[in-house]
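Novice: Residue numbering for the sequence shown follows the numbering used here, starting at 17 and increasing by one per position. Note that CB positions come from ideal geometry on N, CA and C, so glycine has one too.
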Amino acid sequence: MNYVITVGCFDLFHKGHYNLLSKMRQYGNKRFIGIHDDLSILINKKIHTSDKLDRRIQNVKQHLSVNDDIFIIRNANPTNDIKNIVENIVKNTKQRDNICFVRGNDFPNFPGREYLEQNNISIEFVNYTQNISSSILRKKYVQNVSIFPEKFTSKILEIHDLYIYYPIKSILEVICTFLPKFLTPNLITLLSLVCFIPIKYYILNGSYVNASFIFLLHDLLDRTDGAMANVFLKQKRNHNSQIGSYLDAICDKIFAILSYLCIFFNVGNIHIWKCIFQIKCLIHVYSFFLRTIQFVNKTKSIKSVSYGKLATFCENLSFFTIMLFSKYQTLPLYFISLIFSVISLDLSVQSIKYKLRFN
Numbered sequence: 017m018n019y020v021i022t023v024g025c026f027d028l029f030h031k032g033h034y035n036l037l038s039k040m041r042q043y044g045n046k047r048f049i050g051i052h053d054d055l056s057i058l059i060n061k062k063i064h065t066s067d068k069l070d071r072r073i074q075n076v077k078q079h080l081s082v083n084d085d086i087f088i089i090r091n092a093n094p095t096n097d098i099k100n101i102v103e104n105i106v107k108n109t110k111q112r113d114n115i116c117f118v119r120g121n122d123f124p125n126f127p128g129r130e131y132l133e134q135n136n137i138s139i140e141f142v143n144y145t146q147n148i149s150s151s152i153l154r155k156k157y158v159q160n161v162s163i164f165p166e167k168f169t170s171k172i173l174e175i176h177d178l179y180i181y182y183p184i185k186s187i188l189e190v191i192c193t194f195l196p197k198f199l200t201p202n203l204i205t206l207l208s209l210v211c212f213i214p215i216k217y218y219i220l221n222g223s224y225v226n227a228s229f230i231f232l233l234h235d236l237l238d239r240t241d242g243a244m245a246n247v248f249l250k251q252k253r254n255h256n257s258q259i260g261s262y263l264d265a266i267c268d269k270i271f272a273i274l275s276y277l278c279i280f281f282n283v284g285n286i287h288i289w290k291c292i293f294q295i296k297c298l299i300h301v302y303s304f305f306l307r308t309i310q311f312v313n314k315t316k317s318i319k320s321v322s323y324g325k326l327a328t329f330c331e332n333l334s335f336f337t338i339m340l341f342s343k344y345q346t347l348p349l350y351f352i353s354l355i356f357s358v359i360s361l362d363l364s365v366q367s368i369k370y371k372l373r374f375n
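#1: From F356, I184, F280, A227, pick the residue whose C-alpha is nearest to that of L241; which is it?
#2: Here's the rule: buried if 16 or more other CB atoms are within 10 angstroms of the residue's CB, otherwise exposed. What is C291?
#3: With a CB to CB cut of under 7 Å and the five nearest residues on each side skipped, what residues in its chain are close to N121?
#4: Please state if the CB of P127 and the CB of N96 are separated by a distance shorter than 7 Å.
#5: What are the start and end residues of the beta strand (DSSP E) that includes D85?
#6: Looking at F336 and S228, is the spacing between their C-beta atoms short of 7 Å?
#7: My understanding is that K11 touches Y323, with C-beta atoms under 8 Å, so please give their C-beta distance in whole angstroms.
#8: Drop a sphere of 10 angstroms on the beta-carbon of Y157, count the other beta-carbons inside from all chains shown, and report buried for 16 or more, exposed for fewer.
#9: Which first and last residues belong to the beta strand (DSSP E) in which C116 is found?
#10: Going along the chain, which residues of its own chain have a beta-carbon closer than 7 Å to the beta-carbon of S56, five neighbours each way excluded?
#11: Taking 6 Å as the limit between beta carbons, can you name the residues of its chain near K216, skipping five residues before and five after?
#12: Could you pull the DSSP bridge partners for S138 from this structure?
#13: Can you find the residues in the same chain that come closer than 7 Å, C-beta to C-beta, to Y181, ignoring five residues on each side of it along the sequence?
#14: Run through DSSP, which three-state label would F164 get?
#15: Go through its chain and collect everything with a Cβ distance to H30's Cβ below 6 Å, but skip five positions before and after it.
#16: Measuring CB atoms only, is the region 96-113 touching the region 65-73, in the sense that at least three cross pairs come out at less than 8 Å?
#17: How about H16 and L37: are their beta carbons less than 7 Å apart?
#18: How big is the Cα-Cα spacing for Q134 and H33?
#19: Give the DSSP-derived three-state secondary structure of V301 in the structure shown.
#20: Going along the chain, which residues of its own chain have a beta-carbon closer than 7 Å to the beta-carbon of I318, five neighbours each way excluded?
#21: Using DSSP with H/G/I as helix, E/B as strand and the rest coil, what is F126?
#22: Return the first residue and the last residue of the beta strand (DSSP E) that G44 is part of.
#23: Among K61, M17, S367, S186, which has the Cα closest to the Cα of H300?
#24: Roughly how many angstroms lie between the CA atoms of S357 and L173, to the nearest whole one?
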């Protein structure tokens, strides 16, 4: 096994960061990513990061495999942290020629270079991605737009990933291995979109409870297509993941827009949500065209990220609770549905902000 190391801030994760992580694969099959904490960045650059440490870790993790590791750098100079990683590798493998350090060629005299050269650790410089940097992004006002504090967003992302997304994903992958062969990921995606037909029927007939459970079924199918795609990958069955990812995202947006419009015009007593509905429809339309442009241009960061996954989940839960509120008119359902709607709105904005960094 070959080992490759890099360090950085990874603030406002963008395509330059993505390119660096991708190119590291050329030099090793196990990556060690060092991420500076907030204080060390403040000392080095005299700035406060736009993304706090938890979010920067989350952004990097989404582009790593289970074999890779992240380590936190709590000193202004990362030399000792690099040294610890190198020595642990040498201790376990009894060799140094299988270790490589990679970084962008915009900063050749980086901290830690002297140690690496003294210990005969290979250093590789990759081309710096032009016209994009965290400094440029910090000057764009849209990158600082959010509803909830950073700590709150990071916490609910962590809870969703650890206790909802990955456990359900694991169960669905097992179930998908027993499903009929004709059920492809794309077919399941289209079935999730078709869920709107019974939803509209039930809403028009005032059967809000029935509609609420179809929204949950849609969320389950939306998770199942991704699980089935992973099964196809493991079984080496034919499936174009780029097309599948694009179709999944577009169908989600079409379903959401149709659902918002249907509820907006056919359900009474939802005045408080109408403003949110209008904003979310505009966000989905914008995201539809943004995702289409990225797909046509073959933008690499086209896969869904945690912000988008949790935004879709909260959106489906908001639909579910809005339907129940329309039936039972209770105060707890009113507040729960409102909370899910606002969280979904905030995470949708975060998801778009993330995708804009890859244009």
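Specialist: Let's see:
#1: What sits at residue 241 in the sequence shown is Asp, not Leu. It is I184.
#2: exposed
#3: F141, V142, N143, Y144
#4: P127 is positioned such that its CB atom lies no closer than 7 Å to that of N96.
#5: 85-89
#6: yes
#7: The displayed coordinates of the chain run from 17 to 375. Any statement about residue 11 would go beyond what the structure contains.
#8: Here the model assigns Y157 a pLDDT of 48, short of 50, so the residue's position is not dependable and the matter cannot be decided.
#9: 115-120
#10: I89, R90, N91, A92
#11: Excluding five sequence positions before and after K216, the CB atoms of its chain that fall closer than 6 Å to its own CB belong to C278, given in chain order.
#12: For S138, the pairing in a beta bridge is given by DSSP as C116.
#13: K325
#14: Note: F164 maps to coil in three-state DSSP.
#15: I148, R373
#16: no
#17: Only positions 17 to 375 of the chain appear in the structure, and residue 16 is not among them; the question remains open.
#18: 27 Å
#19: helix
#20: With a pLDDT of 46 at I318, under the threshold of 50, the predicted position of this residue should be treated as unreliable, and no value is reported.
#21: If DSSP states are grouped into helix, strand and coil, F126 belongs with coil.
#22: Run containing G44: none; DSSP gives neither H nor E here.
#23: S367
#24: 16 Å
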